[in-house]
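Residue numbers (the working numbering): 57 to 665.
The beta carbon of each residue, even a glycine, is placed where N, CA and C say it ideally should be.
Here the structure is a predicted model, which means the values were calculated and not measured.
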């Protein structure tokens, strides 16, 4: 759906950049941006702009900044109104907080005004020596009058290019080669609903001096190899962790569990502040690290025991493609590959059993940081055999109050998700968590959770038992409709996640979604109070497609009403696209509608007044 340009409160009037790359991979980027505020709220939004940079990798200068009033007056930004500070959330772990930002506070910004500034970044330490990569994505909801850029490189450093919707031209000028692009979006969308990342679908381009990913991987591997050096301290720790164990897989599993539990994960994005991990011994001493550091200390401990491993770059969110131009743009996470056991492992997941990954990592293209062989590979799709199950038992009294228990269980990535929730509950408080969830489901009352052991005990499956007591709702005893109680269910609802998300009902059926093989089910029962009956037992539902099946089956025995819902998905690809996506989208709407269906309870005999 397109928006009229006048409806967009912030307009990109002008955006330009000039990038000059040197032979050693260092470069200078001079950018100019002008934003027009069309409303008072927009003026507040753009009245303060942050320009980010990595203090260890680059220098940043604000060359010029001003407010251009609607009447033509130009109000320069005073030097004292350009503040240098650490981004919020980066101050607690200094070793990882070389990120800085310069905040520009513009004077007297009102509706109809334009803010403008020019910034110069000098990249003094390239990510990889003698190489240059870059990428640009453009939001389809932004109103852009004119955006343009020039990239200048030595003539013998040509770029590999992949572009979608942004034309790029090439020109040779003396000993330099110039690449220029220009873009405008005068008819922006009002919304951009998608399940995949911007790197997979919006107007974008990727450029690189690497000719292929093997070259990128080899260069990166050479840079990070020293980090996995096995020092005496690393060797001693590996020996201590695996004491009494001779089987190599069991040793690997012990090392994995130790890193998962003892190296605190510091959540910094992969491409910010450098891409080179710290040395294994440093990580061991500190007891914390980001995803790169997690993979490095795990790899060094494995190496100490003679177990092979490889560092692997992956997108841990919703990015599913690799552009033909080799860059780090699509990678934001690092995991490990253990060839002896043919498995990937992610110690930063913290509560995932050995060999189990979060849903988001299955089926992804990955880059192995190796010096030989094929670097681009693919994580297998989630194999069949994993499931999530919920069993809820509830009882309604004569005042309309409901008490109940809910048992949520799962294995594989389903079990991992339950462990993540259990860990969060233990941090925030079980009763507080239960009360908040009851409120989110439109119920007031109390509850509690009893996880089946510590989430850090990495057994193949996991279970959480919940109990709750909801306050009376007398209206449900006189025919008011209500959904079958499923309060405090922690497992994946039947129909959700595996073939798409219930949370995106307006996603077009032409938009791809992540898909997984698996089974989810729930059995919910409700005991009615004496003297009351179900007005009508809902009809059973069956939905069947080539790649999914859903059933709901209702029954009643005495005062107990029961519904079983089950969902099976079986796919051999990471994304649902084309006809598979169309049928899944149709099925999801029908399943969601079935789950919203209500039941009604009425007295056995009419109430007399």
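TODO: Assuming residue 79 and residue 117 form a contact by the criterion Cβ under 8 Å, report the distance between their Cβ atoms to the nearest whole angstrom.
DONE: About 23 Å; that fails the 8 Å criterion.
- [ ] Could you tell me which residues DSSP puts in a beta bridge with residue 632?
- [x] 569
Open item on the list: Going by DSSP in three states, residue 112 sits in which element: helix, strand or coil?
Closed with: In the structure shown, residue 112 sits in coil (DSSP, three-state: anything other than H, G, I, E or B).
- [ ] Give the secondary structure of residue 557 by DSSP, where H, G and I count as helix, E and B as strand, and everything else as coil.
- [x] coil
Open item on the list: Measuring CB atoms only, is the segment 293 to 309 touching the segment 451 to 467, in the sense that at least three cross pairs come out at less than 8 Å?
Closed with: no
Task: Residues that DSSP places opposite residue 623 in a beta bridge - done: Beta-bridge analysis with DSSP links residue 623 to 576 and 606.
Open item on the list: By the three-class DSSP mapping on this structure, what secondary structure does residue 424 have?
Closed with: strand
Task: Beta-carbon proximity list for residue 481, same chain, < 6 Å, skipping 5 on both sides - done: 489 and 505
Task: Cut-off 7 Å between Cβ atoms - residues of its own chain near residue 397, not counting five sequence neighbours on either side - done: 305 and 308
Task: Where the beta strand (DSSP E) containing residue 243 begins and where it ends - done: Segment: none, residue 243 is in no beta strand (DSSP E) and carries neither H nor E.
Task: Expected contact under 8 Å - CB spacing of residue 496 and residue 582 to nearest Å - done: With 8 Å as the limit, residue 496 and residue 582 do not qualify as a contact, their Cβ atoms being about 20 Å apart.
Open item on the list: What ranges does the beta strand (DSSP E) occupy inside the segment 454 to 507, keeping only unbroken runs of at least 3 residues that lie completely in it?
Closed with: 458 to 467 and 501 to 507
Task: Cα-Cα separation, residue 185 to residue 487 - done: 53 Å
- [ ] Could you pull out every residue in the same chain whose Cβ sits closer than 7 Å to the Cβ of residue 97, ignoring the five residues on either side in sequence?
- [x] 65
- [ ] Flag this pair as touching only if the segment 355 to 366 and the segment 387 to 403 have three or more C-beta atom pairs under 8 Å; answer yes or no.
- [x] yes
Open item on the list: For a test of the three-state rule: what should DSSP assign to residue 616, helix, strand or coil?
Closed with: strand
TODO: Report the residue from 636, 473, 660 and 291 whose alpha carbon sits nearest the alpha carbon of residue 535.
DONE: With distances taken between Cα atoms, residue 535 lies closest to 660.
TODO: Buried or exposed for residue 549, please, with buried defined as at least 16 other CB atoms from any protein chain shown within 10 angstroms of its CB.
DONE: Of the residues assessed, residue 549 falls on the buried side of the cut-off, its CB having 16 or more other CB atoms within 10 angstroms.
Open item on the list: For a test of the three-state rule: what should DSSP assign to residue 282, helix, strand or coil?
Closed with: helix
Open item on the list: Please classify residue 119 as buried or exposed, where buried requires at least 16 neighbouring CB atoms within 10 angstroms.
Closed with: exposed
Open item on the list: I'd like to know whether the C-beta atoms of residue 547 and residue 465 end up nearer to each other than 8 Å.
Closed with: yes
Open item on the list: Is any non-hydrogen atom of the ligand GTP found closer than 7 Å to the C-beta of residue 509, if you look at the structure I gave you?
Closed with: Among the components of this structure there are no ligands whatsoever, and the ligand GTP is therefore not found.
TODO: Provide the residue span of the alpha helix (DSSP H) that contains residue 412, from first to last.
DONE: Neither: residue 412 is in no alpha helix (DSSP H) and is coded neither H nor E.
Task: Sequence-distant residues of the same chain with beta carbon closer than 8 Å to residue 165, five excluded per side - done: 93, 99, 100, 102, 103, 123 and 171
Task: Close beta carbons around residue 576, own chain, < 6 Å, minus the five adjacent residues each side - done: 444, 548, 550 and 623
Open item on the list: Assuming contact is defined by CB atoms lying nearer than 8 Å, are residue 657 and residue 580 in contact in what I supplied?
Closed with: Cβ distance not < 8 Å, so residue 657 and residue 580 don't count as in contact.
Task: Outcome for residue 90 when other beta-carbon atoms lying within 10 angstroms are tallied against a minimum of 16 - done: buried
Task: Cβ contact check for the segment 628 to 635 and the segment 507 to 521: 3 or more pairs under 8 Å - done: no
Task: At least 3 beta-carbon pairs within less than 8 Å: the segment 347 to 364 vs the segment 279 to 290 - done: yes
TODO: Apply the 10 Å Cβ neighbour rule to residue 419 and answer buried if 16 or more other Cβ atoms are within range, or exposed otherwise.
DONE: Buried is the label assigned to residue 419, since at least 16 other Cβ atoms lie within 10 Å of its Cβ.
TODO: Let me know the secondary structure DSSP gives residue 269 once reduced to three states.
DONE: helix
TODO: Measure the C-alpha to C-alpha separation of residue 416 and residue 391 and round it to an integer number of angstroms.
DONE: When rounded, the distance between both Cα atoms is 13 Å.
Open item on the list: Can you check which of these residues, 614, 629 and 618, is closest to residue 608 by C-alpha distance?
Closed with: 618
- [ ] Go to residue 349, then tell me how far its alpha helix (DSSP H) extends in each direction, as first and last residue.
- [x] 347 to 360
Task: For residue 310, the first and last residue of its enclosing alpha helix (DSSP H) - done: 304 to 318
- [ ] Under the assumption that residue 738 contacts residue 641 (Cβ atoms under 8 Å), give the Cβ distance between them as a whole number of angstroms.
- [x] Past the boundaries of the shown model lies residue 738; the chain is included only from 57 to 665, so the question cannot be answered.
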